[in-house]
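Q: Handing you a structure now.
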Ligand SMILES: Nc1ncnc2c1ncn2[C@@H]1O[C@H](COP(=O)(O)OP(=O)(O)OP(=O)(O)O)[C@@H](O)[C@H]1O
Ligand SMILES: [Mg+2]
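Chains as they are written, first to last, in full-length UniProt numbering: chain Z, 1 to 325; chain D, 1 to 276.
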């Protein structure tokens, strides 16, 4: 069953002279219980896409296209109805658990908040439920964590608390925006394993935003690769990783450290730097750094070309790239 | 409180001076050596003595009693004017910060407009249009406080709203009013408290100036500003009549400013972390 169907999603932000398009034609689907990884370099529009799904785009931004969630159109939905969905049907986990929790409020009260709001629980009942949730995300000492202020917990513990807060109302979709970027590697692995476990037991769908292809590869059924506001390639994870039809995805894959590579071997890098959204011209945002650029790449947006198994690539040369990997 | 006070001299001195001001007002409610407005011509311009600690003025009124009772008007004007400033300023500032766009621009432009008139000048305008008196003085000073508080609220609220926890609160379905009370106000309160203290000092000064000009407190209500202007006619014979109210005003304003500075340091989490 399709839980979320995003069609041609755009986010425009008015700037001094003209509107800048921060997300351009994002299209993807998510079934219940499925996980989608969104990868891309900094500034590629991952967070903006995630925020638009929740109707939390910046105040002056305009969202276009269609977001159907549980059969309901979210684009243009009024703020009251959207507020009832947020935190209840769709929840979000943020990158920096230090700043995503209010420093002045006890962790237990913050975890209890969505339950009071959406389930109409009393503070007392919600507090008890919060302690249960904190235990559920395997915090070592949930009672202590509930009474603590955010600064009294470690980064990993705070992120677990954030997750407890997100899953309190059993959302059908959790959007995790770089949930482990601020944590060290071992904690990172445990948090991702926790999210996997929660997804398996509750059947919630997960959108995992990351700039790390390896993280996404290990934890997601499908991936979407973003660049300059465009989803350049999307599809089942193993198809995209092993039979990519997009030069940008391939460059990202080559920039990863090889498992068996000799120590000190230099990583491949992508020449140039990602475009600032104001510099994006009419063509493909990757044209300036791509080894395969044609004239047409600079003058027109590449069309989305569909291949088998829901594999989609936005590239004029997608068809040629079949066996090159 | 101990921790807050330690090593913070201005907070300490400011609290003592402000405390003394409040104590004077409280005491004057139940007791003054003489009725502050009681005229006693035989004792006019009496020098300081055991009977009249600070002497008597040109009409024989006891100066100590007037100083004590005069603190009430200062505090009344300060509290109400700052209260008006906080009430409307915080509301407008929060509205601007949450609404953004045209509403924010319009409110800030309006604030700049009001801000362009010095408080004292608009107070003089208002009191000369609607008649002198404490109420009009309070309204004028309070209105002048609104843009100052509104601008501060908007700026600090904007930075609080830019924090991820404000976004996280919206992501969990909370509405703007709940976010304002739970996430924005507690985080901007320290800045507001400090500014309110400083506006309090400015209000006291403005009230004294208005009363000095005869636009504020009217006789027989005792007021430091009016004591100053009464003292003017006998300045060569009895300069002390100007010195006492002058010192009372100066010490009150100094105390509140020190308190504001001290609170700024005490409430700044960065400085606090370094101390503890
Ligand atoms: N509130 C905002 N106002 C204006 N521009 C914004 C705002 N937020 C983001 N942008 C711009 O939108 C573009 C996409 O930003 P976004 O935060 O979605 O990137 P991202 O892929 O999440 O990057 P990162 O990996 O750094 O989190 C960037 O160019 C950024 O400068
Ligand atoms: Mg981001």
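Glycine is no exception: its CB is placed at the ideal position from the N, C-alpha and C atoms.
With 8 Å set as the bound, which would you pick, yes or no: does the beta-carbon of residue 246 of chain Z sit closer than that to a beta-carbon of chain D?
A: As a working mapping, residue 246 of chain Z is identified with position 246 in the first chain. No - not a single Cβ of chain D is within 8 Å of the one on residue 246 of chain Z.
Q: Taking the continuous alpha helix (DSSP H) assigned at residue 75 of chain D, which residues delimit it?
A: Taking the first residue of the second chain as position 1, residue 75 of chain D is located at position 75. Element bounds for residue 75 of chain D: 63 to 99.
Q: Just jot down, in chain order, the residues whose CB lies closer than 6 Å to any heavy atom of ligand 1.
A: Here the list is Z/13, Z/22, Z/40, Z/42, Z/43, Z/44, Z/45, Z/46, Z/47, Z/48, Z/58, Z/211, Z/277.
Q: Residue 244 of chain Z: which of Z/255, Z/191, Z/313 sits nearest, CA to CA?
A: As a working note, residue 244 of chain Z is residue 244 in the first chain. Of the candidates Z/255, Z/191, Z/313, the one whose C-alpha sits nearest the C-alpha of residue 244 of chain Z is Z/313.
Q: Using Cβ-Cβ distances below 8 Å, what residues of the stretch 71 to 103 of chain Z are close to chain D?
A: Flagged, chain order: 83, 84, 85, 86, 87, 88, 91, 92, 94, 95, 96, 99, 100, 101, 102, 103.
Q: In the DSSP assignment, find the beta strand (DSSP E) that holds residue 233 of chain Z and state where it starts and stops.
A: Within the first chain, numbered from 1, the residue matching residue 233 of chain Z stands at position 233. That run of the beta strand (DSSP E) goes 230 to 236.
Q: Between the Cα of residue 117 of chain D and the Cα atoms of D/133, D/153, D/140, D/131, which residue gives the shortest distance?
A: If you number the second chain from 1, residue 117 of chain D lands on position 117. Residue D/140 is the option with its Cα nearest to residue 117 of chain D.
Q: Mind pulling the alpha helix (DSSP H) runs of 4 or more residues that sit fully within the stretch 12 to 100 of chain Z?
A: Counting only runs of 4 or more, we get 46 to 53, 79 to 85, 97 to 100.
Q: Which of helix, strand or coil does DSSP assign to residue 335 of chain Z?
A: Residue 335 of chain Z lies beyond the residue range present for chain Z, which begins at 1 and ends at 325; the question has no answer from this structure.
Q: Is residue 276 of chain D close to chain Z? Criterion is C-beta to C-beta, closer than 8 Å.
A: The residue labelled residue 276 of chain D in the question sits at position 276 within the second chain. Because the pLDDT of residue 276 of chain D is 47, which lies under 50, any placement of that residue in the model is unreliable, and the number read from its coordinates should be weighed accordingly. False, the Cβ-Cβ gap to chain Z never drops below 8 Å.
Q: From residue 155 of chain D to residue 186 of chain D, what does the alpha carbon distance come to, in whole angstroms?
A: For the purposes of this step, residue 155 of chain D is identified with residue 155 of the second chain, where counting begins at 1. For the purposes of this step, residue 186 of chain D is identified with residue 186 of the second chain, where counting begins at 1. Residue 155 of chain D and residue 186 of chain D: Cα-Cα distance of roughly 15 Å.
Q: In chain order, what residues of the same chain have a beta carbon less than 8 Å from the beta carbon of residue 135 of chain Z, not counting five sequence neighbours either side?
A: In the first chain, counting from the first residue as 1, residue 135 of chain Z sits at position 135. Once the five neighbours on either side are set aside, the close Cβ partners of residue 135 of chain Z are 142.
Q: Does residue 183 of chain Z get closer than 8 Å to chain D when you measure Cβ to Cβ?
A: What you label residue 183 of chain Z is simply residue 183 of the first chain in a count that begins at 1. Chain D, which has no Cβ nearer than 8 Å to the Cβ of residue 183 of chain Z, makes this no.
Q: Taking any Cβ of chain Z, which residues in the stretch 87 to 108 of chain D have a Cβ under 8 Å from it, in chain order?
A: The residues in question are 99, 100, 101.
Q: With a threshold of 8 Å between beta carbons, is residue 266 of chain D in contact with chain Z?
A: Position 266 of the second chain holds residue 266 of chain D. Residue 266 of chain D does not count as touching chain Z.
Q: For residue 66 of chain D, count the other beta carbons within 10 Å of its own beta carbon; 16 or more makes it buried, fewer makes it exposed. Which is it?
A: Position 66 of the second chain, counted from the start, is the residue given in the question as residue 66 of chain D. With 16 or more Cβ atoms within 10 Å of its Cβ, residue 66 of chain D is classed as buried.
Q: If you follow the beta strand (DSSP E) that residue 304 of chain Z is part of, which residue opens it and which one closes it?
A: By one-based count along the first chain, residue 304 of chain Z stands at place 304. Run containing residue 304 of chain Z: 304 to 306, per the beta strand (DSSP E) assignment.
Q: Beta carbon of residue 178 of chain Z: closer than 7 Å to some heavy atom of ligand 2?
A: Here residue 178 of chain Z refers to the residue found at position 178 when the first chain is read from its first residue. Checking every heavy atom of ligand 2 against the Cβ of residue 178 of chain Z, one is found closer than 7 Å.
Q: Using DSSP bridges, identify the partner residues of residue 119 of chain Z.
A: Along the first chain, one-based indexing puts residue 119 of chain Z at 119. Residue 119 of chain Z pairs with nothing; no bridge assigned.
Q: I'd like the list of long-range same chain contacts for residue 278 of chain D, defined as Cβ closer than 6 Å, with 5 residues on each side in sequence excluded.
A: Chain D is shown from 1 up to 276; residue 278 of chain D falls before or after that span and cannot be answered.
Q: Between Z/138, Z/48, Z/103, Z/139, which lies nearest to residue 231 of chain Z when the distance is taken from Cα to Cα?
A: Residue 231 of chain Z sits at position 231 when you count from the first residue of the first chain. For the residues Z/138, Z/48, Z/103, Z/139, the minimum Cα distance to residue 231 of chain Z belongs to Z/48.
Q: Count Cβ pairs between the stretch 15 to 29 of chain D and the stretch 54 to 72 of chain D that sit closer than 8 Å; are there 3 or more?
A: Verdict: yes, contact present.
Q: Measuring only the C-alpha atoms, how far is residue 324 of chain Z from residue 86 of chain Z?
A: The residue given as residue 324 of chain Z occupies position 324 in the first chain. The residue given as residue 86 of chain Z occupies position 86 in the first chain. Unreliable positioning characterises residue 324 of chain Z in this predicted model, as indicated by a pLDDT of 49, which lies under 50. The coordinate reading is nonetheless provided below. In a straight line, the C-alpha of residue 324 of chain Z is about 44 Å away from that of residue 86 of chain Z.
Q: Tell me the DSSP bridge mates of residue 4 of chain Z?
A: Counting from one through the first chain, the residue named residue 4 of chain Z turns up at place 4. Note: residue 4 of chain Z sits in a beta bridge opposite Z/30, Z/69.
Q: Output, in chain order, the set of chain D residues within a Cβ distance shorter than 8 Å of residue 201 of chain Z.
A: Stepping through the first chain from its first residue, residue 201 of chain Z is reached at position 201. Going along chain D, no residue has its Cβ under 8 Å from residue 201 of chain Z, so there is no contact; the nearest lies around 21 Å.
Q: Could you name the residues that DSSP lists as bridge partners for residue 40 of chain D?
A: Residue 40 of chain D sits at position 40 when you count from the first residue of the second chain. Per DSSP, none; premise fails for residue 40 of chain D.
Q: CA-CA distance, residue 289 of chain D and residue 146 of chain D?
A: Chain D is shown from 1 up to 276; residue 289 of chain D falls before or after that span and cannot be answered.
Q: I want to know whether the stretch 121 to 128 of chain D touches the stretch 167 to 181 of chain D - three or more CB-CB distances under 8 Å.
A: In short, these stretches do not touch, since the Cβ pair count stays below three.
Q: Would you mind working out which of D/127, D/93, D/99 sits nearest residue 112 of chain D, comparing C-alpha positions?
A: Reading the second chain from its first residue, position 112 is the one you call residue 112 of chain D. If we check each option's Cα against that of residue 112 of chain D, D/93 comes out closest.
Q: So, is the C-beta of residue 172 of chain D closer than 8 Å to a C-beta in chain Z?
A: Working through the second chain from its first residue, we reach residue 172 of chain D at position 172. Taking Cβ atoms only, chain Z reaches closer than 8 Å to residue 172 of chain D, which makes this a yes.
Q: Can you look up residue 258 of chain D in the DSSP assignment and give me helix, strand or coil?
A: Taking the first residue of the second chain as 1, we reach residue 258 of chain D at position 258. In this structure, residue 258 of chain D counts as helix in the three-state DSSP scheme.
Q: Excluding five sequence neighbours on each side, which residues of the same chain lie with their C-beta closer than 6 Å to the C-beta of residue 36 of chain D?
A: The residue labelled residue 36 of chain D in the question sits at position 36 within the second chain. So the qualifying residues of the chain are 65, 66, 69, 222.
Q: Apart from the five residues just before and just after residue 249 of chain D, which ones in its own chain have a Cβ nearer than 6 Å to its Cβ?
A: Taking the second chain and counting its residues from 1, the one referred to as residue 249 of chain D is at position 249. If we look at residue 249 of chain D and ignore the five residues flanking it on each side, its Cβ neighbours are 208, 224.
Q: Residue 270 of chain Z by DSSP, collapsed to three states: which one?
A: The count along the first chain starts at 1 and reaches residue 270 of chain Z at position 270. Coil.
Q: Would you kindly check if the distance between the Cβ of residue 35 of chain Z and the Cβ of residue 208 of chain Z is under 8 Å?
A: The count along the first chain starts at 1 and reaches residue 208 of chain Z at position 208. The count along the first chain starts at 1 and reaches residue 35 of chain Z at position 35. Yes, the pair counts as a contact, with Cβ atoms nearer than the cut-off.
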